[in-house]
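Per the numbering used here, residue 50 is the first one in the sequence shown, and the count goes up by one each step.
Even glycine gets a Cβ: it sits at the ideal position worked out from N, Cα and C.
See below for the structure under consideration.
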Amino acid sequence: MELFAVPDLPEIRAGDDLAALIDERVAFEDGDVLCVASTVVSKAEGRTFDLADFEAGERAERLAAHRAEVTGEERDPRFAQAIIEESEELVLEAPFVLAVTKFGHITVNAGIDRSNVPGGDLLLLPEDPSASAARLSERLGVPVVVTDTSGRPFRYGQRGVAVGWAGMPASRDWRGETDRDGRELGVTVQSVVDELAGAANLVAGEGDGGTPAVVVRGWAFGDHGGSENLFRDEADDVVRAALREWEFD
Ligand code: GDP
Ligand code: MN
Ligand code: MN
Ligand code: MN
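Structural data, given as structure tokens:
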């Protein structure tokens, strides 16, 4: 398996044809998977905003004040408003805002990004990253994973995760297969889109590298059972339930 960055992509602007920009620069081969940073998908889709585009409501004012009280850091209530508008639910308000996005991904600040965003204060995640992935996949003829850098509970550091995907299942089901002892695997469903996103994110980097699109070559999903589920259903999510009950004071 080999990963390489798509070379020489320009700064992406609203309305850019990202599929064409990538297609011009890569000779895709059968079996390739394209991983692309949500940052450039969002830019192309015009998801760049200014703080001034958001008018803070009462809840946003309260949220910003609560966070400031807990952390001692001021937060612009308009940023809180942007998070609220992007979210289905806020699981946690302080010391950081953990939000369920409208497409089901749970992440800090609803994934609103303030790095690599020239000309705007805020870059929102794509409205529906799997739909974005499907449009790119259709044009490029390969599976596409839209990635974002995200923190993890229990561990320091951030890593790439999949926020959208198309053209391949989210997970590879190992249940019913056997380990080296012949013991049947009972629970393992491997979230392959996250693992590809993690590997691609390593190549993409986080700074000014200018390499948001990464081709994975020589990896195959193979003839296995798969699943489209990546974001836990509410009923299965004990961590979400526990955090809802928790109050920081
Ligand atoms: P995120 O993980 O989706 O939030 O994206 P990052 O902000 O971490 O950026 C990932 C990679 O894409 C880095 O190498 C950035 O330099 C690069 N990048 C971000 N925006 C652009 C862009 O508009 N054009 C190009 N060529 N690279 C970009
Ligand atoms: Mn960023
Ligand atoms: Mn991001
Ligand atoms: Mn990143």
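Separation of residue j from residue i, as counted between CA atoms
i	j	result
F203	V288	12 Å
A269	V82	9 Å
L292	W214	27 Å
I161	A182	19 Å
E118	R201	24 Å
T227	G274	14 Å
V242	D65	25 Å
D286	F280	9 Å
V265	E107	46 Å
R116	A109	11 Å
W295	R74	49 Å
D79	S276	22 Å
I61	L67	8 Å
R188	P218	18 Å
T150	E233	36 Å
Per DSSP, the bridge partner or partners of residue i
i	result
S276	S220
V263	A54 and C84
L171	F98
S136	T150
Q239	R221
E233	T227
E162	According to the sequence displayed, residue 162 carries Asp and not Glu. Bridge partners of D162: L172.
D215	First, the residue type needs correcting, since residue 215 is Ala and not Asp in the sequence shown. Answer by DSSP bridge pairing, in chain order: V193.
Helix, strand or coil at residue i [DSSP, three-state]
i	result
R208	strand
A180	helix
L141	strand
T227	strand
G121	coil
G254	coil
D72	helix
G247	helix
A63	coil
A93	helix
F128	helix
R111	helix
R281	coil
E104	coil
E78	coil
Enclosing beta strand (DSSP E) for residue i [first to last residue]
i	result
I155	I155 to V157
D197	V193 to R201
Cβ distance (whole Å) where residue i is taken to contact residue j below 8 Å
i	j	result
V90	P178	7 Å
S186	N278	That belief does not hold up - the Cβ atoms of S186 and N278 are roughly 19 Å apart, past 8 Å.
T196	C84	5 Å
T260	L172	With 8 Å as the limit, T260 and L172 do not qualify as a contact, their Cβ atoms being about 17 Å apart.
A159	A143	Going by Cβ atoms, the distance from A159 to A143 rounds to 15 Å, so no, they are not a contact pair.
R127	A93	24 Å between Cβ atoms; not a contact.
V238	G216	At roughly 19 Å, the Cβ-Cβ gap does not stay under 8 Å, so V238 and G216 are not in contact.
Ligand 6 heavy atom lying under 8 Å from the CB of residue i
i	result
G209	Summarising the ligand content, the structure contains ligand 1, ligand 2, ligand 3 and ligand 4 and does not contain ligand 6.
Range of the contiguous alpha helix (DSSP H) that encloses residue i
i	result
E294	V287 to E294
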